[in-house]
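What follows is a short report on a single structure.
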Amino acid sequence: MKQAQRVLSTYSVDIFGICSALYELGGLVVIHDASGCNSTYGTHNEPRWYDTPSMVYISGLREVDTIFGNDTRLVEDVSEVARETRPAFVAVGGSPMPNAIGTDFRAVARLIEKNTGIPSMGFRTDGIHSYLPGAGEAFLQLAKRFLKDPAEERRDGGAPGRKKIRVNLLGVTPLDFSVVGNVTEMKRLIRENDMELTGCWAMGDTLEHLADSAEADVNAVVSATGIPAAEYMKERYGIPFVTGIPMGEAGTKAWLRALREAALGEGNGIFLPVDEKASGKGSELYVLNAWKEEKAPDAEETDVLLIGEPVFTASLACLLERELGILHVSRICPMPDAPRVLMKDVKVVTIEDALREHCREAKRVIADPIYARLLPEEREKFISLPHEAYSGRHYRDQIPRFIGPDFSSWVSGNLGPVR
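Residue 5 in the UniProt record's numbering sits at position 5 of the sequence shown, with consecutive numbering throughout.
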């Protein structure tokens, strides 16, 4: 019973991550399931559902097709719709039942592409893993299928004579940034600091525009979902990447500086080699939580505990440590399928009882408000910071704009005295 979730929720699942990543790019996205998944995604995890048209459909999986493994109907139905609507691409993934019977979605995608001539992608999803590997794989497949080779060979420091550094934003979905102005603010920071935005993967952009992303000098990975595409572009095109969110006054300055240094092939206090065992690439990673040369000594009691997506909590930890002087900050990621390269100094905790104990030991907890249900008698120690991928639409109106210098005052005002 210790592994049962009694009061906590679950994070958005892998197939929803795919839907969110591809939502605005003109493709036909099919969830292979009987019913229910589409409405759950549309009403709880997709704030663009009611004002931004997109072709996200359910396949209508039948019991008899499940029993006999009839994939022909899926291939024929999707092919027929694709021929009628002529999407830019087709993406197919599934829920737990198709995974249980071993549906080969890559083979399904190949048949659809053969029938229609439309680029098609199949994803082995199971509706059990979190949105992180789902959205990450979607961005990676997009990069492999649609990126154009740059007009000129890339050199360290960008193209010679180029006046402005070109930047891609990778890992941008409402699951991590909602629709409260965070993405707009990131784009503004890039443009107002003498840089050019090459592509935003994938909010407020088009597939045609994203296809030119290999022209960039640096990739800004702002969530764990951007890591697979960043590593691919590093390996294929030599584009370095910076991982972190411009959060708070010092964090924003560091983020902008890191982008320039990475584009110019320089390293400073925020340069850190990736653990090759974790990434398998040997690529270079710039992380914003590498400010401190030495980690604070272990404390018996955590000053502030952060729970959530690893890039977000790393960036918030930097704000707490550098701007507010809070030395003992702990981070928990409840998603064990997050990219290993981001999990240094992060505890992976998924069991509710264990999470409760970690929260009890901390003086303050910054997390989605659902986590406050773990300790109803100690709610005053929880600072509410809703995460769309966790609590969905329930607390959307409480999500702050956490991008930029102004977030420092929000954190200090809500955190109060810690010691």
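We put the CB at the ideal spot given by N, CA and C, even for glycine.
Own chain partners of residue i with C-beta closer than 6 Å, once the 5 adjacent residues on each side are dropped
i      : result
Val179 : Pro47
Ala109 : Val92, Ser120, Met121 and Gly122
Arg379 : Ala372
Ser391 : Asp368 and Ile370
Asp126 : Pro96 and Asn99
Pro273 : The predicted position of Pro273 is uncertain, since its pLDDT is 32 and thus under 50; a value taken from the coordinates is nonetheless stated next. Excluding residues within five positions, none has a Cβ falling inside 6 Å.
Phe177 : Val183
Glu294 : With a pLDDT of 41 at Glu294, under the threshold of 50, the predicted position of this residue should be treated as unreliable, and no value is reported.
Met195 : Lys164, Ile165 and Val167
Arg393 : His44
Ala193 : With the sequence shown as reference, residue 193 is identified as Asn, and Ala is not the correct amino acid for it. If we look at Asn193 and ignore the five residues flanking it on each side, its Cβ neighbours are Leu256.
For residue i, the nearest candidate out of the options (CA to CA)
i           : options                           : result
Gly199      : Glu192, Asn182, Phe177 and Arg166 : Arg166
Ala107      : Gly93, Met97 and Ala100           : Gly93
Glu80       : Phe105, Ile118 and Lys187         : Ile118
Val90       : Val64, Gly102, Ser54 and Pro98    : Ser54
Val183      : Lys148, Lys347 and Val221         : Val221
Gly308      : Pro334, Glu301 and Ala202         : Pro334
Val304      : Lys381, Ala262, Ser408 and Thr252 : Lys381
Ala138      : Gly171, Pro150 and Ala151         : Gly171
Arg124      : Ile18, Asn219 and His44           : Ile18
Gly238      : Ala214, Glu249, Ala250 and Glu261 : Ala214
Phe146      : Thr206, Arg356, Arg396 and Asn193 : Thr206
Ala34       : Lys163, Leu210, Ala224 and Glu63  : Glu63
residue 421 : Val311, Leu61 and Glu24           : Lying before the first or after the last residue shown, residue 421 is absent from the chain, which here runs from 1 to 419.
Ala202      : Ala389, Leu22 and Gln398          : Leu22
Ile128      : Asp14, His394 and Glu192          : Asp14
Pro310      : Ser408, Gly226 and Phe68          : Gly226
Ser315      : Pro150, Glu208 and Gly248         : Gly248
Ser59       : Gly134, Phe105 and Thr43          : Phe105
Pro228      : Asp194, Gly136, Asp51 and Asp212  : Gly136
Gly134      : Leu111, Phe16, Ile366 and Ala389  : Phe16
Ala219      : Asp345, Ala258 and Ala254         : Here residue 219 is Asn; the residue named in the question, Ala, does not match the sequence. Asn219 has its Cα closest to that of Ala258, out of Asp345, Ala258 and Ala254.
Ser12       : Arg6, Val30, His44 and Ala262     : His44
Arg364      : Leu319, Leu415, Pro386 and Asp51  : Leu415
Nearest-angstrom beta carbon gap, residue j and residue i [assumed within contact, 8 Å]
i      : j      : result
Tyr131 : Leu169 : About 18 Å separates the two Cβ atoms, so there is no contact after all.
Leu142 : Pro87  : At roughly 14 Å, the Cβ-Cβ gap does not stay under 8 Å, so Leu142 and Pro87 are not in contact.
Thr173 : Ser20  : 4 Å
Val349 : His358 : 6 Å
Gly404 : Thr252 : 6 Å
Ile383 : Ile366 : 5 Å
Leu342 : Arg356 : Not really, about 24 Å apart at Cβ, beyond 8 Å.
Glu352 : Ser408 : The Cβ separation is near 32 Å, so there is no contact.
Ala224 : Ala338 : 5 Å
7 Å Cβ shell around residue i - same chain, five flanking residues per side excluded
i      : result
Lys187 : Leu197 and Cys200
Gly181 : Arg401
Thr103 : His32, Asp71 and Gly94
Thr116 : Ser79, Ala82 and Arg83
Thr66  : Met97 and Ile101
Arg260 : Ile165
Gly204 : Val183
Asp149 : Ala214
Ser412 : Leu324
Arg73  : Asp65
Contact test: residue i Cβ vs the ligand MG heavy atom, cutoff 7 Å
i      : result
Thr350 : The ligand content of the structure shown is nil, which means the ligand MG is not present either.
Own chain, CB closer than 8 Å to residue i, minus 5 neighbours either side, in chain order
i      : result
Ala362 : Glu301, Thr302, Asp303, Val304, Leu305, Ser330 and Lys381
Contact with chain C by residue i, beta-carbon distance below 8 Å
i     : result
Arg62 : Absent from the structure: chain C. Only one protein chain is present.
- Task: List in chain order: all unbroken alpha helix (DSSP H) runs of 4+ residues lying wholly within the segment 32 to 118.
- Result: Note on the segment 32 to 118: whole alpha helix (DSSP H) runs with a minimum of 4 residues are 37 to 40, 63 to 68, 72 to 85, 96 to 100 and 105 to 116, in chain order.
Worksheet item: In the segment 181 to 218, which residue ranges form an unbroken beta strand (DSSP E) of at least 3 residues, counting only runs that do not cross its ends?
Response: Counting only runs of 3 or more residues that sit fully inside the segment 181 to 218, the beta strand (DSSP E) segments are 195 to 201, in chain order.
- Can you give, in chain order, each stretch of the alpha helix (DSSP H) that sits fully within the segment 333 to 389 and has at least 4 residues? Runs of the alpha helix (DSSP H) inside the segment 333 to 389: 352 to 361.
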